[in-house]
Each structure stands twice: as structure tokens, then as C-alpha cells.
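Chemist: Before I ask anything, let me first share the structure, which is written out below as C-alpha cells.
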Amino acid sequence: MTLNPYLNFDGNAEEAFRFYQTVFGGELSVQRMSDVPGMENLPDNEKNRAMHVSIPIGKGQYLMASDCLPSQGHVLNVGNNNYISVTPDSRDEADRLFNGLSAGGKVEMPMADQFWGDYFGSFEDKFGVRWMINFPTNGQ
């Protein structure tokens, strides 16, 4: 099974993904609303929004997103109902991801060994996306 988190933004999906690319690396792919057949009549301020944006984040896994279109009745509600849980391959990688992605955001739980046996931290990044970094230390 492959899990590919999909996010929605209100006009800043490409900006967010350029930031995420600084942490995860990989090639950024951006398709614009203006490239979609039938979208010729979008307001000018929506034509450059991302129809689909993605970066690779692991073996066969991608972080993906799009921008909403207010002219089509889309409303973005950023909240705490979604987290992206990342399980890195090492404690050092957990720290690198946590420090990189939380830059400019709000840390909820700093990276620390937890009572359930894992090295864990959580935060909201500067774009309002919530993340959990969880490195299983049992048997490591």
C-alpha cells in the first residue's frame, strides 16, 4: 500500500511545495489551472493557481496538493483535522524533517522519546498544515 497525502491551499500551493521541496528534495511538478481544458473563463487571478502540484517524499510516495477556486464556490477551511504522519528511516532523519518543516511554524510537541517507545514530535507548519514525525525506536 502507498499513502499519498493530498492537501488543499487557497492560492499558495506552489509556494508551500517549494518550501517542502527544500526539506524533502526531489523534483517539483506543477500543473496550472490555465492548462486545464474548459478553464479558459476563470478569473485572471485564478488562472495561475495550481491544479496539481507534487513532490516525491519516499519510495513510490508523493506529497500532492491543489489550490481551491473561489470562483467555483470552493472554500478552504484550515483546521486541525488533518495531519501528515511521516515515519523516517532514522532518528537523524526525524530531526532533519522536524527542524526543516517546523521552521516558521508552531511546535506542539518537540521531538522527544515518548512513553509508547517512539521518538515523536508534532507541529503546524507556516502554511497551517499539521505534521507528526514518528520514528519507532522499539527494536532499533
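Numbering (the UniProt record's numbering), first residue to last: 1 to 140.
The beta carbon of each residue, even a glycine, is placed where N, CA and C say it ideally should be.
Quantities reported herein were computed from a predicted structural model and do not represent experimental measurements.
1. Looking at the structure shown, is A112 part of a helix, part of a strand, or coil, going by DSSP?
2. Could you tell me which of R130, I55, D44, S29 sits nearest to K106, measuring between CA atoms?
3. Do S71 and M64 have their CB atoms nearer than 8 Å?
4. Quick check on the DSSP output: what are the complete alpha helix (DSSP H) runs of length 4 or more inside the segment 36–123, in order along the chain?
5. Whose C-beta lies closer than 6 Å to the C-beta of S102 among residues of the same chain, with five residues either side of it excluded?
6. Could you tell me which residues DSSP puts in a beta bridge with residue 170?
7. Under 8 Å, with one C-beta from each stretch per pair, do the segment 30–50 and the segment 81–97 reach the 3-pair mark?
8. Identify which residue in G60, L97, N82, N41 has its Cα closest to the Cα of Q21.
9. Indicate the three-state DSSP secondary structure (helix, strand or coil) for F127 in the structure shown.
10. What span of residues does the alpha helix (DSSP H) with E27 cover, start to end?
Modeler: Concretely, from the data shown:
1. In the three-state DSSP reduction, A112 falls in the strand class (E or B).
2. Minimum Cα distance to K106 is reached at R130.
3. For the 8 Å CB-CB criterion, S71 and M64 do not form a contact.
4. You should have 44–47, 91–102.
5. Exclusion of the five residues before and after S102 leaves F123 as the residues of its chain whose Cβ lies within less than 6 Å of its Cβ.
6. Outside the shown range of the chain (1 to 140) lies residue 170, about which nothing can therefore be said.
7. Contact between the segment 30–50 and the segment 81–97 is not established, with fewer than three Cβ pairs separated by less than 8 Å.
8. It is L97 whose Cα lies nearest to the Cα of Q21.
9. Looking at F127 - three-state DSSP - the assignment turns out to be coil, as it is neither helix nor strand.
10. E27 -> no alpha helix (DSSP H), and no H or E assigned at all.
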